[in-house]
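Asker:
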Amino acid sequence: MKSIKVVLLGLGTVGQGVYESIESHREKLIQATGTEVEVVGVLVKNAMKTRDIHSAVKVTTEVSELLAIEEIDIVFEAIVGIEPAHSYIKSFLEKGCHVISANKELLAHKGKELSSLAKKHDRILAFEAAVAGGIPLLRTIIQLLQINGITKLEAILNGTSNYILTKMRKEKADFDDVLIEAQALGYAEANPNNDILGTDAFYKLMILSDLVHQQQPDWELVEKQGVNRVSLQDLIVGEKLGLRLKLVASLQKSHTEIVAEVKPVFVSASHPLYNVEGVDNGIVITTDLVGTILLQGPGAGSKATASAMIEDLVYIKQQGNQDLDFKRSSNHVELLAEGEQPLSLWVAVSEALNSEDLKNNYSITSKLEDYNVKLIQRELLKTEDGYIVGDFLQGKEENVLLFLQQLKQDTLRFYPVSGTGLTLENITVESPVKLTIK
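To convert a position in the sequence shown, counted from 1, into my numbering, add 14.
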């Protein structure tokens, strides 16, 4: 049987990881696919750079030279950004190649278009590695959608942000110090904005929206916040309240729109995401039949991403042309009722410079009932500069915000809370079926 001939577009961290995985797992790939996997070409930025690659592999800076190779079965796209990756993928699909991509920015913008082009040419566009790294999330969703309706997704989709929040809380370290450490360890890029501003998680959430709901929300209407404004005091206050702060990407459909958000959320100890720590990702999938499922595991890094891309190769070989389909039906979902606000718990963190500020704060808080807001718990931290006040509140968002405006503090930070075990009737999360990927 002839070998599976593959081309790598890009030989950075991801591309190198794919190449090394093919070489180190050669025998297992033969067992899984029934034949040998042979790398025949690699696209690089600098062809003169010394690399540990077999001499028979064509290494070039010109994609046209790879397109000229007569026999190519599968292309691994490992380039950052929309272009030229978009143009390259189109060319290889039109040539008759299957394509495997980990490019979340490209897929968020152009995924449906490229998936349609792949179908037109009877090819597969596979992208398991684009969301949650080594966790088999996308095919789990496809499998669930055959019978189940997915009612809600809550996920930690960015390992860098999760590492930063975990490290800050555990070691009582400041954001800037932990970010520098994350960069030194390779968890964060030299320019970390995509991670810390929530952009990376946003792109992944849009891919999931396409997959689950066959459409994306208006990007301008999606609330997107990162972790760059989170302070150590916020995490300490949360810990005293029995909560942990996570950058949560959530997706739910109402009768008229898709509700998508990426923002820091405090979760209680009973929430499935509470113990998703460090660089791990975690995805809570709520369905109308099986209930709640938690998928947890490494969401980033060259090994996790390479693993997912190699698994896509095996899937393509074993399954034929059953694509990761953007057009699966999910009509039988329980829709979020109009006007319903699933998050009605909040933590407000404010600063009081002196005892007089603190007295004014208490005076305003005594009028909470005027805003239909309930104070569940208050924590007070003494600092070198004064006091940090943490208020655990219950009420409708507009009422809570109206109350907080009365505090008139520029230092105010405001977070939603999700979870059970809070003795509140309107918050329920069933115990999930848990799958941990080590």
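Don't be surprised by glycine CBs; every beta carbon is placed ideally from N, CA and C.
(1) In whole angstroms, give me the CA-to-CA distance for residue 272 and residue 266.
(2) Ignoring anything shorter than 3 residues or poking outside the stretch 257-298, list the beta strand (DSSP E) runs there in chain order.
(3) Considering Cα atoms alone, identify which of 156, 170 and 171 is closest to residue 164.
(4) According to the neighbour-count rule (16 or more other Cβ atoms, all chains shown, within 10 Å of its Cβ), is residue 172 buried or exposed?
(5) Helix, strand or coil: how does DSSP classify residue 112 here?
(6) When the distance is taken between beta carbons, is residue 420 closer than 8 Å to residue 378?
(7) Are the beta-carbon atoms of residue 170 and residue 296 separated by less than 8 Å?
(8) Classify residue 42 as helix, strand or coil using the three-state DSSP reduction.
(9) Please state if the CB of residue 81 and the CB of residue 105 are separated by a distance shorter than 8 Å.
(10) Just the Cα atoms here: how many angstroms apart are residue 57 and residue 269?
(11) Out of 112, 66, 288 and 75, state which residue places its alpha-carbon closest to the alpha-carbon of residue 130.
(12) With three or more C-beta pairs closer than 8 Å as the rule, is the stretch 242-257 touching the stretch 306-326?
(13) Determine, using beta-carbon pairs with one atom in the stretch 316-325 and one in the stretch 25-36, whether at least three such pairs fall under 8 Å.
(14) Using CA coordinates, which residue listed in 15, 115 and 63 is at the minimum distance from residue 21?
(15) Per DSSP, residue 55 is paired with what?
(16) Please report the distance separating the alpha-carbon of residue 373 from that of residue 402.
(17) Could you pull out every unbroken beta strand (DSSP E) segment of at least 3 residues lying fully inside the stretch 369-429, listed in chain order?
(18) Going by the beta-carbon positions, is the gap between residue 326 and residue 99 smaller than 8 Å?
(19) Taking buried to mean at least 16 other C-beta atoms within 10 Å of its own C-beta, is residue 454 buried or exposed?
(20) Once you ignore the five residues that flank residue 294 on each side, which residues in its own chain have a CB closer than 8 Å to its CB?
(21) How should residue 408 be labelled, buried or exposed, when 16 other C-beta atoms within 10 angstroms of its C-beta is the threshold for buried?
(22) By how many angstroms is the C-alpha of residue 358 removed from the C-alpha of residue 436?
(23) Using 10 angstroms around the beta-carbon of residue 214, count the other beta-carbons present and answer buried if the total reaches 16, otherwise exposed.
(24) Does the pairing of the stretch 119-137 with the stretch 255-266 give three or more beta-carbon distances under 8 Å?
(25) When you compare the CB positions of residue 55 and residue 18, do they come within less than 8 Å of one another, or not?
(26) When the distance is taken between beta carbons, is residue 433 closer than 8 Å to residue 281?
(27) Can you look up residue 177 in the DSSP assignment and give me helix, strand or coil?
(28) Taking only three categories from DSSP, how would you classify residue 245?
(29) Tell me whether residue 303 sits in a helix, a strand or coil according to DSSP, three-state version.
(30) Is residue 164 helix, strand or coil when you go by DSSP?
(31) I'd like the list of long-range same chain contacts for residue 12, defined as Cβ closer than 6 Å, with 5 residues on each side in sequence excluded.
(32) Would you kindly report the start and end of the unbroken beta strand (DSSP E) that includes residue 90?
(33) What residue range is occupied by the uninterrupted alpha helix (DSSP H) comprising residue 78?
(34) Mind checking residue 41: buried by the 16 CB within 10 Å criterion, or exposed?
(35) Following a CB-centred definition, is residue 90 positioned closer than 7 Å to any heavy atom of the ligand HEM?
(36) Classify residue 15 as buried or exposed, calling it buried when 16 or more other Cβ atoms lie within 10 Å of its own Cβ.
Answerer: Quick answer:
(1) Taking the first residue of the sequence shown as position 1, residue 272 is located at position 258. Taking the first residue of the sequence shown as position 1, residue 266 is located at position 252. Here the alpha carbon of residue 272 sits roughly 6 Å from the alpha carbon of residue 266.
(2) Within the stretch 257-298, complete beta strand (DSSP E) segments of at least 3 residues are found at 257-267 and 272-282, given in chain order.
(3) Here residue 164 is taken as the residue at index 150 of the sequence shown, counted from 1. Of the candidates 156, 170 and 171, 156 places its Cα closest to the Cα of residue 164.
(4) Within the sequence shown, the letter at position 158 stands for residue 172. Residue 172 comes out buried.
(5) By one-based count along the sequence shown, residue 112 stands at place 98. If DSSP states are grouped into helix, strand and coil, residue 112 belongs with the strands.
(6) By one-based count along the sequence shown, residue 378 stands at place 364. By one-based count along the sequence shown, residue 420 stands at place 406. In this structure, the beta-carbon distance from residue 378 to residue 420 falls below 8 Å.
(7) Locating residue 170 in the sequence shown gives position 156, counting from the first residue. Locating residue 296 in the sequence shown gives position 282, counting from the first residue. Closer than 8 Å, so yes.
(8) Within the sequence shown, residue 42 is the residue found at index 28, counting from 1. DSSP places residue 42 in helix when its eight states are reduced to three.
(9) Locating residue 105 in the sequence shown gives position 91, where the first residue counts as 1. Locating residue 81 in the sequence shown gives position 67, where the first residue counts as 1. In this structure, the beta-carbon distance from residue 105 to residue 81 falls below 8 Å.
(10) On the sequence shown, position 43 is the one that residue 57 refers to. On the sequence shown, position 255 is the one that residue 269 refers to. Put simply, the backbone Cα of residue 57 is about 46 Å away from that of residue 269.
(11) In the sequence shown, residue 130 corresponds to position 116, counting from 1. Looking at 112, 66, 288 and 75, the one whose alpha-carbon comes closest to that of residue 130 is 112.
(12) Too few Cβ pairs lie closer than 8 Å, so no.
(13) Touching, yes.
(14) Against the sequence shown, residue 21 aligns to sequence position 7. For the residues 15, 115 and 63, the minimum Cα distance to residue 21 belongs to 115.
(15) Residue mapping note: residue 55 aligns to position 41 of the sequence shown, counting from 1. Its beta-bridge partners are 21 and 72.
(16) Here residue 373 refers to the residue found at position 359 of the sequence shown. Here residue 402 refers to the residue found at position 388 of the sequence shown. The straight-line gap from Cα to Cα measures roughly 13 Å.
(17) If we require 3 residues or more, the beta strand (DSSP E) runs fully inside the stretch 369-429 come out as 388-397 and 400-408.
(18) As a first step, residue 326 is located in the sequence shown; it is residue number 312 there, counting from the start. As a first step, residue 99 is located in the sequence shown; it is residue number 85 there, counting from the start. Here residue 326 is not near residue 99, since their CB atoms are 8 Å or more apart.
(19) For residue 454 there is no data in the structure shown, the boundaries of the chain being 15 and 452.
(20) Here residue 294 is taken as the residue at index 280 of the sequence shown, counted from 1. Short of 8 Å from the beta carbon of residue 294, and not among the five residues preceding or following it, lie these beta carbons of its own chain, in chain order: 170, 173, 176, 310, 311, 312 and 313.
(21) The residue labelled residue 408 in the question sits at position 394 within the sequence shown. Per the 10 Å Cβ criterion, buried.
(22) Taking the first residue of the sequence shown as position 1, residue 436 is located at position 422. Taking the first residue of the sequence shown as position 1, residue 358 is located at position 344. A caution first: residue 436 carries a pLDDT of 44, below 50, which makes its placement in the model too unreliable to give a value.
(23) Within the sequence shown, the letter at position 200 stands for residue 214. The residue in question, residue 214, is buried, as its Cβ has 16 or more Cβ neighbours within 10 Å.
(24) As far as the Cβ criterion goes, the stretch 119-137 does not touch the stretch 255-266, which means the pair count is below three.
(25) By one-based count along the sequence shown, residue 55 stands at place 41. By one-based count along the sequence shown, residue 18 stands at place 4. Not in contact: residue 55 and residue 18 (Cβ atoms no closer than 8 Å).
(26) Position 267 of the sequence shown holds residue 281. Position 419 of the sequence shown holds residue 433. Against a cut-off of 8 Å, the Cβ pair of residue 433 and residue 281 comes out as a contact.
(27) The residue given as residue 177 occupies position 163 in the sequence shown. In this structure, residue 177 counts as helix in the three-state DSSP scheme.
(28) One-based indexing of the sequence shown puts residue 245 at position 231. Residue 245: coil per DSSP, three-state reduction.
(29) By one-based count along the sequence shown, residue 303 stands at place 289. Of the three classes helix, strand and coil, the one that applies to residue 303 here is coil, per DSSP.
(30) Here the question's residue 164 lines up with position 150 in the sequence shown. Annotated three-state conformation of residue 164 is strand, per DSSP.
(31) The structure shown does not extend to residue 12, since the chain is modelled only from 15 through 452, so no value can be given for it.
(32) Residue mapping note: residue 90 aligns to position 76 of the sequence shown, counting from 1. In the DSSP annotation of this structure, the continuous segment of the beta strand (DSSP E) that includes residue 90 starts and ends at 88-91.
(33) Position 64 of the sequence shown holds residue 78. Counting along the chain, the alpha helix (DSSP H) containing residue 78 begins and ends at 77-81.
(34) As a working note, residue 41 is residue 27 in the sequence shown. Counting Cβ neighbours within 10 Å, residue 41 comes out exposed, since fewer than 16 surround it.
(35) Looking at this structure, you won't find the ligand HEM or any other ligand, since it has none at all.
(36) Here residue 15 is taken as the residue at index 1 of the sequence shown, counted from 1. It is exposed - the Cβ of residue 15 has fewer than 16 other Cβ atoms within 10 Å.
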